[in-house]
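**Student:** Structure in structure tokens, see below.
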């Protein structure tokens, strides 16, 4: 996964998420929407063949936090949830 920043302003961040497709992009988008400071979050895949693994994201915040901050928080939430699933799986296997 690689992030290629397209546009960075005070409360707007646009970037490509190289190496990912709808699976991770949709998860990230959903978690971004959980943040009360996000006024807009969305992604597109500009060409289904040529850009299939390069979603283009746009995040807009209310200005009280930066888009970078909400992106970091979303990434941490995804990591924490994945860890919880892994721990639940291990517990299920043991018991």
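In my numbering, the protein residues as written are 17 to 111.
Yeah, the Cβ is synthetic: ideal placement off N, Cα and C, and Gly gets one too.
Please look up how many angstroms separate the CB atoms of residue 53 and residue 81, rounded, as I've assumed it's under 8 Å.
**Tutor:** Correct: roughly 5 Å between the Cβ atoms.
**Student:** Taking the beta carbon of residue 42 as the centre, do at least 16 other beta carbons fall within 10 Å, making it buried, or is it exposed?
**Tutor:** Residue 42 comes out exposed.
**Student:** Mapping DSSP to helix, strand and coil, what is residue 39?
**Tutor:** It is helical.
**Student:** Using alpha carbons as the reference points, say which of 47, 104 and 40 lies closest to residue 13.
**Tutor:** Given a span of 17 to 111 for the chain in the structure shown, any question on residue 13 remains unanswerable.
**Student:** Verify whether the separation of the beta carbon atoms of residue 36 and residue 67 is less than 8 Å.
**Tutor:** Cβ distance not < 8 Å, so residue 36 and residue 67 don't count as in contact.
**Student:** Is the separation between the beta-carbon of residue 77 and that of residue 27 shorter than 8 Å?
**Tutor:** Against a cut-off of 8 Å, the Cβ pair of residue 27 and residue 77 comes out as a contact.
**Student:** Taking residue 34 and residue 70 to be in contact with their CB atoms under 8 Å, please state how far apart those CB atoms are, rounded to whole angstroms.
**Tutor:** Contact flag correct, Cβ pair sits at about 5 Å.
**Student:** Rounded to whole angstroms, what's the CA-CA distance from residue 60 to residue 102? Just pull it up for me.
**Tutor:** Those two C-alpha atoms are separated by around 30 Å.
**Student:** Can you tell me whether DSSP reads residue 68 as helix, strand or coil?
**Tutor:** In this structure, residue 68 counts as coil in the three-state DSSP scheme.
**Student:** Would you call the CB atoms of residue 29 and residue 94 closer than 8 Å?
**Tutor:** No. Outside cutoff.
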